[in-house]
Amino acid sequence: MKAVVLLAPNEYVYQDVEKPQCPEEGILLNVKYCGLCGSDLRTLRSGHKNIQFPAVLGHEISGIVAEIGPSYNGDFKPGEALCVGPNVYCGTCEFCVRGELEFCENLRELAQHWPGGFAEYIAIPREALDNGVIRRIPDGVRMEHVAVGEPPSSCINAQEKLNVHDGDSLLIIGAGPIGAIHVSVARARGAATIYVADIAASRLEMVKDFGVDAVIDSSKTDLIEEIMKLTGGKGVDVVITANPVAVTQVQAIEVARKAGRIAFFGGLPHADCNVTLDTNKIHYRGLHVIGTTGFAPRHYDESIRYIAKGLIPAEKLVTHVLPLKDFAEGVELARAGQAMKVVFEI
Ligand SMILES: [Zn+2]
Ligand SMILES: [Zn+2]
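Mapping the sequence shown onto the working numbering, position 182 (from 1) lands on 168, and the numbers just tick up by one.
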């Protein structure tokens, strides 16, 4: 079968590899679409602690059940269309038992601990079927759209923790695919006013399509002044940093209203994560600053429902569908900020 194989950082090839065996108690999925994730771009550039070369990445998957293992006892049937998220939780650690599955102490992922979906076939082991996020695709949902069900899951988790609700005003700093998804999720939860800031004009242009009230180019305008102008000097109810830039965490503290809620959603590069914040602002203004990461299966299920209902407009999010052989072109489009989500057709 054909696959994109990562041989070393920045070195990948589209080539023939051996088709995986159907796991004894699992299934073999014929991959139809696989989305390119921001984390894939990082792994392509600099590897990942859980990944050994050669590796097949790709964890935003939709496909058709090709085979079921001889001892498989689930109810998926050959020919059924499934969407697949990467996470495989242990189900038994303290965090899993408490329902805080995103902190599972034994979390494993497809495309890390097992080969991923930038390939014609992916073997889905029993652990992933029992304790992962593998679902039937709802009727009427296009397979290339539902492939990107994973990234909204973390956004939904964050906004649940922030309690984004009716009438809220939000600033989302970062107009990439994650910023755009945050816009849609906030709208679905009833947010009244949504501002998005970024330093890339091309991304700001694309995010306008998601129904924002104003975009702010912080390469040209002072973000803090602009938000104060837009909110009559009050600040916004909620700020989400959806980018890897330290200064945006400082800005988030400055633009939140009194008792405002802030999520540090995007991680920062290790060398850059000791950030100086005015903690008196947090104290005297009664700010709620939280970190969020990952998701539990219920967030993935909600993401699929949002996509099915059009609350997350997957047709706008997926700006490029390319054949897998054009992998390098997709990577370039995403790196240049010219694409929202790139999905490969396999
Ligand atoms: Zn992803
Ligand atoms: Zn666990």
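Built from N, CA and C at the ideal position, the CB exists for glycine as well.
Worksheet item: Does DSSP put T279 in a helix, in a strand, or in coil?
Response: coil
Item to complete: Please write down, chain order preserved, every residue whose beta carbon lies under 6 angstroms from a heavy atom of ligand 1.
Response: C23, S25, H45, E46, E136, P137
Worksheet item: ligand 2 heavy atoms versus the CB of C141: any closer than 6 angstroms?
Response: no
Worksheet item: Can you give the beta carbon distance from I293 to G135, rounded, assuming they're within the 8 angstroms contact cut?
Response: 6 angstroms
Discussion item. Is the separation between the beta-carbon of A133 and that of G21 shorter than 7 angstroms?
Written reply: yes
Discussion item. With a threshold of 8 angstroms, are at least 3 pairs of Cβ atoms found where one atom belongs to the region 261 to 279 and the other to the region 235 to 252?
Written reply: yes
Item to complete: Give the DSSP-derived three-state secondary structure of S140 in the structure shown.
Response: helix
Discussion item. Assess contact between the region 119 to 127 and the region 182 to 191, defined as three or more Cβ pairs (one per stretch) separated by less than 8 angstroms. Is contact present?
Written reply: no
Worksheet item: Relative to ligand 2, what is the chain-ordered list of residues with a Cβ closer than 7 angstroms to any of its non-hydrogen atoms?
Response: Y75, C76, G77, T78, C79, F81, C82, L87, C90, E91, N92, L93
Practice prompt. Classify L263 as helix, strand or coil using the three-state DSSP reduction.
Written response: coil
Worksheet item: Would you report the Cα separation of L209 and S289, rounded to the nearest angstrom?
Response: 30 angstroms
Worksheet item: Alpha carbon to alpha carbon, how far is V233 from H256?
Response: 14 angstroms
Practice prompt. Could you pull out every residue in the same chain whose Cβ sits closer than 6 angstroms to the Cβ of L148, ignoring the five residues on either side in sequence?
Written response: V224, R247, A249
Discussion item. Can you check which of these residues, P230, L93, K327, R28, is closest to M192 by C-alpha distance?
Written reply: K327
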